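Engineer: The structure's right below; bear with me while I get my questions together.
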Amino acid sequence: MVKVATWNVNSIKARLGHVLDWLETAKPDLLCLQEIKCPATDFPTLELTSAGYHAEILGQRAYNGVAILSREPARDVLRGLPGGDGDEQARYLEATVAGVRVAAIYLPNGNPVGTDKYDYKLAWMARLARHARTLIDSEQVCVLAGDFNVVPTDDDVYDPVAWRDDALCRPETRAQFRRLLHMGFIDAFRVLHAEPHRYSFWDYQQGRWLRDQGLRIDHLLLSPQAADRLVAVDIDREPRGCDKASDHTPVWCELAL
DNA sequence: ATGGTAGCCTTGCTA
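In terms of the numbering used here, the first sequence is residues 62 to 318.
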């Protein structure tokens, strides 16, 4: 069995204790991190190595940054999403671990709509779709894991009307996300959970966590070969309730490999 | 209409 997880930690330095606690209790074989918010030189590799995990890092000062933690060392590491000539933002890291080709994804937020930020989001999603096609064609066990900054349907947000014009919910955003589904990637959570209003992110403001007013934007997209092996998947809400929590909580799945 | 929170690192940006 291989357990794969994703977690936007909103600064690895601020969240190191939470991450170490979660690794110890959840024991994932693979954990994709987003928003580590530091260069690789500042990443707490030593502490994570002591906890039994290797770390592959694509860092960036202050913003963004992704990493892959794994019990087995990673092979064939790809740093950055192909096709991004001159793209400085650290948002994509891909590697093979324990028979799984995994991608740690921090997809651009895109707000406000109507600015270059939204254009960048849609262009980034088009690039992701092009690269995802090559992953599908490779017929590997593959998991796209990360903060997609996409609310797939109105069942995945507490107030769809209020969020209708947000970059995370816009029809163009959802259509780009569905391109990944149409080419054969499967939303792991929805394979085993039909219930609406299950969230992976709650804003720090306005008591969103206390009122369970969140969004489901952290996803595990499985290639057909991975989906065939899916035995369990869930969102672990517990870390979101801790003191000094990230605004996101881990999503995990188990593959029978 | 505004500001509410958090992290980074400034005097604002990103989310």
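Using N, Cα and C, we set each Cβ at its ideal position, and we do this for glycine too.
It should be emphasised that the depicted structure is a prediction, and the values quoted were computed from it without experimental measurement.
Just the C-alpha distance for residue 233 and residue 212, rounded to the nearest angstrom, thanks.
Structural biologist: Answer to the nearest angstrom: the Cα atoms are 12 angstroms apart.
Engineer: Under the rule that 16 or more other beta-carbon atoms within 10 Å means buried, what is residue 124, buried or exposed?
Structural biologist: Under this definition residue 124 is an exposed residue.
Engineer: So, helix, strand or coil for residue 286, using DSSP?
Structural biologist: Helix at residue 286.
Engineer: Would the region 297-310 count as touching the region 215-225 if we require 3 or more Cβ pairs under 8 angstroms?
Structural biologist: No: fewer than three Cβ pairs fall under 8 angstroms.
Engineer: Since residue 206 and residue 93 are thought to touch, with beta carbons under 8 angstroms apart, how far apart are those beta carbons, to the nearest angstrom?
Structural biologist: Contact holds; Cβ gap of about 4 angstroms.
Engineer: Cβ atoms of residue 237 and residue 306: under 8 angstroms apart, would you say?
Structural biologist: In this structure, residue 237 does not lie closer than 8 angstroms to residue 306 by Cβ.
Engineer: Please state if the CB of residue 161 and the CB of residue 314 are separated by a distance shorter than 8 angstroms.
Structural biologist: Not in contact: residue 314 and residue 161 (Cβ atoms no closer than 8 angstroms).
Engineer: Would you kindly work out how many angstroms separate the C-alpha atoms of residue 172 and residue 226, rounded to a whole number?
Structural biologist: One C-alpha to the other measures close to 10 angstroms.
Engineer: Is DSSP giving residue 181 helix, strand or coil here?
Structural biologist: DSSP places residue 181 in helix when its eight states are reduced to three.
Engineer: Just tell me which of 285, 281, 316 and 276 has its CA closest to the CA of residue 292.
Structural biologist: Nearest of 285, 281, 316 and 276 to residue 292, Cα basis: 316.
Engineer: Considering residue 115, what are the terminal residues of the beta strand (DSSP E) in which it resides?
Structural biologist: Segment 115-119, the beta strand (DSSP E) holding residue 115.
Engineer: Do residue 72 and residue 98 have their C-beta atoms within less than 8 angstroms of each other?
Structural biologist: The answer is yes: Cβ separation under 8 angstroms.
Engineer: Near residue 150, what residues of its chain come up, given a Cβ to Cβ distance below 6 angstroms and the 5 sequence neighbours on each side ignored?
Structural biologist: Only 125 meet the Cβ criterion.
Engineer: Just to confirm, is the Cβ distance from residue 155 to residue 139 under 8 angstroms?
Structural biologist: Yes, the pair counts as a contact, with Cβ atoms nearer than the cut-off.
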